[in-house]
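See below for the structure under consideration.
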Amino acid sequence: MRASWKGSISFGLVSIPVKAYNTAVPKEIKFTLLHSKDGGRIRYRKFCEKCGEEVKDEEITRSYEISKNEYVILTDEDLEKIPLKSAKSIDIKQFFEPSELGLIYYSQFYYLVPDKGAEKAYYLLKEAMRETKLMGIGKIATRGREGLVALKEFDGGILLANLHYIDEVRSPKEIAGWDLKADISKEELELAIKLVLAMKKPLKLEEFRNEYKEALMRLIEAKLAGREVVVTEEIPTARSLMDALKASLEAVK
Numbered sequence: 001m002r003a004s005w006k007g008s009i010s011f012g013l014v015s016i017p018v019k020a021y022n023t024a025v026p027k028e029i030k031f032t033l034l035h036s037k038d039g040g041r042i043r044y045r046k047f048c049e050k051c052g053e054e055v056k057d058e059e060i061t062r063s064y065e066i067s068k069n070e071y072v073i074l075t076d077e078d079l080e081k082i083p084l085k086s087a088k089s090i091d092i093k094q095f096f097e098p099s100e101l102g103l104i105y106y107s108q109f110y111y112l113v114p115d116k117g118a119e120k121a122y123y124l125l126k127e128a129m130r131e132t133k134l135m136g137i138g139k140i141a142t143r144g145r146e147g148l149v150a151l152k153e154f155d156g157g158i159l160l161a162n163l164h165y166i167d168e169v170r171s172p173k174e175i176a177g178w179d180l181k182a183d184i185s186k187e188e189l190e191l192a193i194k195l196v197l198a199m200k201k202p203l204k205l206e207e208f209r210n211e212y213k214e215a216l217m218r219l220i221e222a223k224l225a226g227r228e229v230v231v232t233e234e235i236p237t238a239r240s241l242m243d244a245l246k247a248s249l250e251a252v253k
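Residue 10 in my numbering sits at position 10 of the sequence shown, and the numbers go up by one each step.
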């Protein structure tokens with residue numbers, strides 16, 4: 001398995017060479033786009049809107065738009081001049097209680113494993129975080145940006161999580177309908193609470209399958225075999241909120 005990133009964890013004066021691996025492998029079905037007229041594959045090309053010519057990758061440069069049609073050109077050489085200590089290192093800035101970091105700040109996750117010769121230092125950091133029940137926070141530079149990351153002892157190793165910066169996270173107050181209140185009866189609330197408690201059980205993620213993907217594969221197999229595609233019936237909706245709550249509660253008994 002190929003590592004997504006190689007570098008080191010800077011922990012005080014200790015440097016720990018590590019490799020990062022994706023925690024998840026997407027298994028969604030990918031569609032290939034075809035021309036409905038003749039079945040040819042659809043290709044996307046890059047064109048210059050000024051001269052109309054197709055542009056090769058080596059002819060493309062980065063820029064920052066400062067006003068309409070005014071840009072500052074940034075070359076690879078320009079970007080290399082920016083001093084980034086985090087380019088090949090995760091510099092741990094501090095440790096903190098996991099409860100201090102809200103779920104909304106988490107992004108993608110990676111497994112961190114020690115590189116050759118770093119086993120002892122890696123194990124030491126992992127055990128220190130496990131014993132103290134603390135997490136670390138630091139910075140890492142990848143793909144042209146400096147990101148915020150958190151480190152946590154997890155299931156015998158160290159888990160790395162990409163984090164959103166605080167100015168990247170939208171306040172829910174910006175979303176219409178977020179903090180709404182509605183008139184509900186005491187009976188409706190009691191029934192809703194009963195339904196929630198009736199549906200409570202130990203979480204087993206293995207019980208949750210991607211049913212859309214399975215149905216899509218059945219559809220593809222049926223079309224390949226020339227069979228008729230069976231359309232599933234729609235679920236009938238209840239006449240009122242109270243009817244829905246009562247029917248749902250009865251169904252889970």
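Cβ atoms here follow ideal geometry from the backbone N, Cα and C, with glycine treated the same way.
Inter-segment contact for the stretch 43-56 and the stretch 161-181 is absent: fewer than three beta-carbon pairs are separated by less than 8 Å.
Spanning the alpha carbons of residue 158 and residue 201 requires a straight line of approximately 29 Å. Counting only unbroken stretches of 3 or more residues, the beta strand (DSSP E) elements lying wholly within the stretch 3-38 are 5-11 and 14-22, in sequence order.
For residue 183, there is no enclosing beta strand (DSSP E), as DSSP marks it with neither H nor E.
Unbroken alpha helix (DSSP H) runs of no fewer than 4 residues, entirely contained in the stretch 108-152, are found at 119-132, following chain order. Unbroken beta strand (DSSP E) stretches of 3 residues or longer found wholly inside the stretch 192-232: none. Residue burial annotation: residue 169 is exposed, with fewer than 16 other C-beta atoms found within 10 angstroms of its C-beta.
Here residue 110 is buried, its C-beta having at least 16 other C-beta atoms within 10 Å.
For residue 251, the enclosing alpha helix (DSSP H) covers residues 241-251. Looking at the DSSP output, residue 91 bridges to 10 and 139.
For residue 80, the uninterrupted alpha helix (DSSP H) segment begins and ends at 76-80.
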